[in-house]
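Numbering (our numbering), first residue to last: 8 to 307.
Heads up, the beta-carbon is just placed ideally off N, CA and C, and yes, glycines get one too.
Read the structure below first, then the notes.
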Amino acid sequence: MKKKSINDRSKYGYLFISPFFIAFIFLGLYPVLFTFSLSLQKWDGLAPETFVGLANFKRLLTDRIFYLSIWNTLRIWIISYIPQILAALLLSAIFTMYSVKGMKMFRAVYYLPNLVTAASVGLLFNLLFNGNKSVVNNILQALQIPGAPFDFFNDPVFTSGLTSYIQWWMWFGYTTILVMAGITTIDRNLFEAAQIDGASKGQTYRKITLPLIKPTIVYITITSIIGGMQLFDVPSTMSDGTGEPDKAILTVSMYLYNQGFKNHNYGYSAAISVGLFAVIGLMSILSLKAMKRKGEDRNG
């Protein structure tokens, strides 16, 4: 009787986990399947869908703007990620190897930009640099800098570089905290043994810390790829969704949005999202394999 009562109650476990699966099916799985289905159709959001097969993907393979948006997104991500991970490794080394007064305060300050919404940051830098009467131009004119005011947002190199800088500024604190969290999982006896053997702090960090936090760095890299390739808020608010000048900050997500919600070409927009999914997957796999190969070479 008791055994039967326990079996009867065990079914309530499914009731407790059902909200997750219901939410996943309707908010996760269904949108993904619908996107794949929509990529095979032509639809403007009003008229009935028209099945076009692979026509949207054929167009995608010859779309110059799509390739340009991929290049822009990759360039912005690479230029922001490399200094981001280097700054995180440097700061984590300083904070873990030396006794820094106010370390908790520094970590909070570094993390603070990550708490501000990306759209707000984009609008902030728009106010700082966009137009002859922008804050920066007013300061430069007050200092009587030759050539001021400058048309900052008419320079593709400056606009792209500023976007990368904003991404670095927003995320390097978060990356630093993740790296430090990875370092705290290392057995302290290894550091003590290295110190007894006469290893310097720099040698300990290079020979012990870096190899042992490789899983953390792999995780940071892959999540950064996923987030970076979906970059939308900052370049969109800085350029009013156009990606100008010269489409220098037109990212894949912005191009996808413009095709879907401005041009009302939802089928082609869905095809772009599938293409973006393929690019992110390929980059993540290549990054994972490259880091594994590097670790094997080092061990060998």
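Considering just the uninterrupted stretch of the alpha helix (DSSP H) at residue i, what are its terminal residues?
i    : result
W50  : Per DSSP, W50 belongs to no alpha helix (DSSP H) and is neither H nor E.
T191 : 163-191
V259 : 259-264
D247 : Looking at the DSSP string, D247 is not in any alpha helix (DSSP H), and its letter there is neither H nor E.
G235 : 221-235
V7   : The requested residue 7 is not part of the displayed model; the chain covers only 8 to 307.
A62  : 62-68
G129 : 125-136
K208 : 208-211
L147 : 142-149
I308 : No answer is possible for residue 308: it lies beyond the span of the chain, which begins at 8 and ends at 307.
Between the alpha carbons of residue i and residue j, how many angstroms are there, rounded?
i    : j    : result
T211 : L36  : 46 Å
P55  : D240 : 31 Å
D204 : I101 : 21 Å
G138 : F160 : 8 Å
D70  : T228 : 28 Å
L98  : G129 : 26 Å
Y19  : I193 : 40 Å
L283 : M236 : 8 Å
P218 : L147 : 46 Å
Q266 : V107 : 50 Å
Q151 : D158 : 16 Å
L27  : W50  : A small fix is needed here, since residue 27 is Phe in this sequence, not Leu. Each residue's Cα considered, the two are about 31 Å apart.
M8   : A30  : A caution first: M8 carries a pLDDT of 48, below 50, which makes its placement in the model unreliable, though a value can still be read off. The alpha-carbon atoms of M8 and A30 are separated by roughly 36 Å.
R66  : S171 : 30 Å
S17  : T230 : 37 Å
D253 : G288 : 28 Å
K111 : A206 : 28 Å
I292 : A285 : 11 Å
V39  : S294 : 24 Å
I89  : L22  : 46 Å
K296 : F136 : 41 Å
R195 : L96  : 18 Å
K208 : W78  : 40 Å
L61  : I279 : 12 Å
D162 : D247 : 16 Å
Taking a contact to mean a Cβ-Cβ separation below 9 Å, would you say residue i touches residue j in this structure?
i    : j    : result
P120 : W176 : yes
S76  : T258 : yes
S298 : V225 : Checking the sequence shown, residue 298 turns out to be Met, not Ser. Yes, the Cβ-Cβ distance between M298 and V225 is below 9 Å.
F73  : Y264 : no
L47  : F58  : yes
Y275 : G52  : no
V281 : F64  : yes
K140 : P153 : no
V143 : A255 : no
G180 : I86  : no
R82  : I184 : no
S44  : A126 : no
Q91  : Q202 : no
A94  : T223 : no
L238 : I215 : no
K245 : T166 : A small fix is needed here, since residue 245 is Met in this sequence, not Lys. Yes, Cβ-Cβ distance for M245 and T166 is below 9 Å.
Whole-angstrom Cβ separation of residue i and residue j, contact assumed at under 8 Å?
i    : j    : result
T80  : I190 : Not quite, the Cβ-Cβ distance comes to about 31 Å (not below 8 Å), so this is no contact.
I220 : V186 : 6 Å
T7   : A277 : Since the first residue shown for the chain is 8 and the last is 307, residue 7 is missing from the structure and cannot be characterised.
Residue i bridges to which residues according to DSSP?
i   : result
F27 : According to DSSP, which records beta bridges pairwise, F27 is partnered with nothing at all.
F58 : Q48
May I ask whether a heavy atom of the ligand SAM can be found less than 8 Å away from the beta carbon of residue i?
i    : result
S231 : Among the components modelled here there is no ligand, and therefore nothing to report on the ligand SAM.
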